[in-house]
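To start, the structure itself, in structure tokens.
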Amino acid sequence: MATRFELLLLGRRPESLRAAAEEALDEIERVEEWLSPYRPESEWVRLHREGVGRPVRVDPRLFAFLWRARELTEETGGMFDPTVGPLLRAWGFRGGASEMPDPGAVAAARELVGWRQVELDLDRRTVCLLRPGVEIHPGAMGKGYALDRAVEILREAGVENGIIHGGTSTVCALGVPADGEGWPVSLPEPPPGTAVAWPEGRPPRVLLRDTTLSVSAVWGRGDSPVSHVLDPRTGNPTRGLALAAVVAESATDSDVWSTALLVGGPEVLQGGPVEQWWELGEG
482 MATRFELLLL GRRPESLRAA AEEALDEIER VEEWLSPYRP ESEWVRLHRE GVGRPVRVDP
542 RLFAFLWRAR ELTEETGGMF DPTVGPLLRA WGFRGGASEM PDPGAVAAAR ELVGWRQVEL
602 DLDRRTVCLL RPGVEIHPGA MGKGYALDRA VEILREAGVE NGIIHGGTST VCALGVPADG
662 EGWPVSLPEP PPGTAVAWPE GRPPRVLLRD TTLSVSAVWG RGDSPVSHVL DPRTGNPTRG
722 LALAAVVAES ATDSDVWSTA LLVGGPEVLQ GGPVEQWWEL GEG
């Protein structure tokens with residue numbers, strides 16, 4: 482997933498904690514093996530290779546992931562939509578140099594975006610990409626899903642207190658540290674030269690206990706002059722917010738809803754599973 486996963490576990494049996502940690506990290510690697518769009522042998526790549534214009538039976542885990550992704554697209558009003566793969570390519574965020582694309586290329590890519598281009602058959606557990614060029618990208622959900630799987634492994638192993646993160650943008654907390662009411666996590670500072678700042682001069686600090694925090698920001702790709710988060714409605718980089726952060730019970734939800742908040746603003750959170758949220762505006 483082109484990111485670093487780290488964890489810290491607390492308990493009285495170091496050997497058991499190390500074994501649980503290794504199994505949790507192995508589970509993240511297993512998710513990467515079937516979910517990655519960058520590994521030629523992954524189930525995800527096979528779907529995009531063999532499933533254009535005809536249904537293909539896929540791994541149950543992948544089907545469940547896609548089904549949930551479609552549900553979350555509906556729940557967020559389309560502010561999160563992993564079918565934006567064609568737009569990511571048009572903007573050079575997949576396999577190319579990030580640059581301002583031709584408006585015609587963006588318009589053509591938009592025609593390929595949306596779950597109307599993907600057929601999911603629950604009974605047969607098959608997926609069909611209805612048009613050439615349709616591409617689903619797991620980036621805004623895959624990391625959170627992998628962290629949820631890792632947390633499940635840790636809980637099954639009896640781990641009660643610990644913290645695990647992926648790329649520092651999604652953090653999952655179990656229990657509490659030995660000397661506190663929750664795991665203290667600070668939201669990120671804007672990079673130097675960014676024309677935004679936290680109102681109080683420093684980022685908020687959050688105490689997490691058996692919950693998760695995710696952050697989405699427009700400065701996620703240092704090689705790009707524009708936001709790497711695209712608005713599925715327009716096909717263009719999102720504007721208005723520079724950073725969005727949410728706390729939710731699961732990492733999948735926090736990952737998705739932080740993206741939805743960045744794209745659609747606070748009104749998109751109504752009725753969602755978000756427990757707390759923060760936004761930082763541009764300008």
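Numbering (the working numbering), first residue to last: 482 to 764. The beta-carbon is built from N, C-alpha and C at its ideal position, and this holds for glycine as well.
Listed in chain order, the beta strand (DSSP E) elements of length 3 or more contained wholly in the segment 499-568 amount to none. Assignment of I617 by DSSP, reduced to helix, strand and coil, places it in the coil class. Comparing alpha-carbon positions, the option among P671, L569, W738 lying closest to T715 turns out to be L569. Under the three-state reduction of DSSP, D629 is assigned to helix. Put simply, of L610, T693, V677 the residue whose alpha carbon is nearest the alpha carbon of A631 is T693. Assignment of P584 by DSSP, reduced to helix, strand and coil, places it in the helix class. Inclusion of V737 and D712 in the CB contact set at 7 Å is not warranted, their separation being larger than that value. Collapsing the DSSP output to three states places V755 in coil.
The way I'd put it, the segment 671-686 doesn't touch the segment 642-655; fewer than three beta-carbon pairs between them come closer than 8 Å.
Under the three-state reduction of DSSP, A698 is assigned to strand.
Boundaries of the alpha helix (DSSP H) around T733: 732-745. A buried status is given to A741, since no fewer than 16 other beta-carbon atoms sit within 10 Å of its beta-carbon. Within the same chain, and ignoring the five residues on either side of G532 in sequence, the residues whose Cβ sits closer than 7 Å to its Cβ are V608, C609, L610. Of all alpha-carbon atoms in L543, R690, P584, R597, the one lying nearest the alpha-carbon of E555 is that of R597.
Residue range 686-689 is occupied by the beta strand (DSSP E) that includes R686. When DSSP states are grouped into helix, strand and coil, E760 belongs to the strand group. The beta-bridge partner set that DSSP reports for F486 consists of G647.
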